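Following: one structure in structure tokens, then a few remarks.
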Amino acid sequence: MTTRAIDKLYKSRPTVEGAGVHLKRAFGNSQVPLFDPFLMLDDFHTANPAEYLPGFPWHPHRGIETITYVLEGLVEHGDSMGNKGVIGPGDVQWMTAGSGIIHQEMPQKSPTGMMWGFQFWANLPAGQKMMAPRYRDVKAGDIPEVTLDTGVRIKVVSGRVGGVQGPVRDIVIDPEMLDVSIPAGATFRHPVTAGHTAIAYVLDGEGYFDEQRDAFAYEMAGAGWMDLDRRCICGPETVVLYKREGSEVQVVAGERPVRFLFIAGKPLHEPVAWYGPIVMNTQEELRVAFEEFQNGTFIKSR
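Numbering (full-length UniProt numbering), first residue to last: 1 to 302.
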């Protein structure tokens with residue numbers, strides 16, 4: 001097994017989306033195609049209801065999959081296919097927009113006072129951008145958790161750890177989505193398919209995400225031009241993009257436990273035409289999508 005090295009580190013940056021939701025954007029439009037097949041990762045984490053209650057009112061998507069993972073709080077969902085529900089702590093919503101869907105995601109007042117969740121977008125290949133939409137509501141109790149001999153705990157949403165398969169399957173880009181918690185000083189190793197994009201996003205604690213332990217061995221995008229804190233150990237709100245060479249990733253926790261999301265998938269290597277909530281391959285396809293949304297022919301399947 002050969003261990004993957006870090007390609008680049010990013011720090012998530014504050015932004016406002018939807019009707020006024022304050023969040024941190026880990027990566028997005030400006031990083032295309034580095035994270036191919038993934039397009040965007042947003043982290044919404046606040047105890048101030050005014051920063052999350054405005055939510056994401058009715059809006060369209062086409063050409064992508066949107067994945068929402070809630071750690072704390074409640075999010076109500078509704079869509080043009082008639083799906084309705086509430087995503088709670090530990091739940092995942094995996095929605096394939098395909099040919100077109102209109103939906104809303106509206107956070108509710110959190111019982112704990114804290115709203116914390118993530119949404120990432122995965123691209124669809126050209127041949128399947130107009131596939132029929134589908135919706136998967138995965139409850140926390142249906143997501144298996146694996147505990148290794150080292151004490152590492154992994155919630156397996158998609159992909160496989162040992163002999164345990166996650167509940168989200170049959171996805172075009174063959175994704176992995178793991179929620180990994182490593183005790184202080186322990187090591188986590190995980191195989192990654194050759195050529196697949198691999199990403200870690202640190203939630204809590206600190207860890208070393210490759211073997212080099214050299215903060216100048218790769219590119220690092222800081223929080224701003226006054227950021228002078230360049231360390232090889234990675235803390236919260238850090239995005240780790242791995243090189244595509246190597247057959248496994250290795251993460252070692254620091255003096256404190258570290259928790260992170262691990263996401264991997266098969267890159268598409270296709271052109272991206274992206275505006276707002278719609279991602280196609282050409283500007284002409286974007287023009288058609290927006291015209292159809294305006295004239296009421298956007299939805300192809302219910």
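Every residue gets a Cβ at the ideal spot worked out from N, C-alpha and C, and that includes glycine.
Since the structure is predicted, the reported quantities are computational estimates derived from the model, not experimental observations.
The three-state reading of DSSP puts L53 in coil, since its state is none of H, G, I, E or B. F120 and G207 have their C-alpha atoms spaced approximately 22 Å apart. Here E51 has H22 as same chain residues with Cβ atoms under 6 Å from its own Cβ, once five neighbours each way along the sequence are excluded. At a Cβ-Cβ threshold of 9 Å, A198 and V272 do not count as neighbours. Per DSSP, the unbroken beta strand (DSSP E) holding R134 starts and ends at R134 to V138. C-alpha of P167 to C-alpha of D142: approximately 7 Å in a straight line. F35 and N48 have their alpha carbons spaced roughly 31 Å apart. Contact between the stretch 112-130 and the stretch 145-155 is not established, with fewer than three Cβ pairs separated by less than 8 Å.
Per DSSP, reduced to three states, the secondary structure at F38 is strand.
By the 16-neighbour rule on beta-carbons within 10 angstroms, N295 is exposed.
Between the alpha carbons of R189 and V251 lies a gap of roughly 7 Å. Membership of Q283 in the alpha helix (DSSP H) is indicated by the continuous run Q283 to N295. In this structure the stretch 148-163 does not lie against the stretch 205-221, because fewer than three pairs of beta carbons, one per stretch, are closer than 8 Å. A direct Cα-to-Cα measurement between G276 and G185 gives close to 42 Å.
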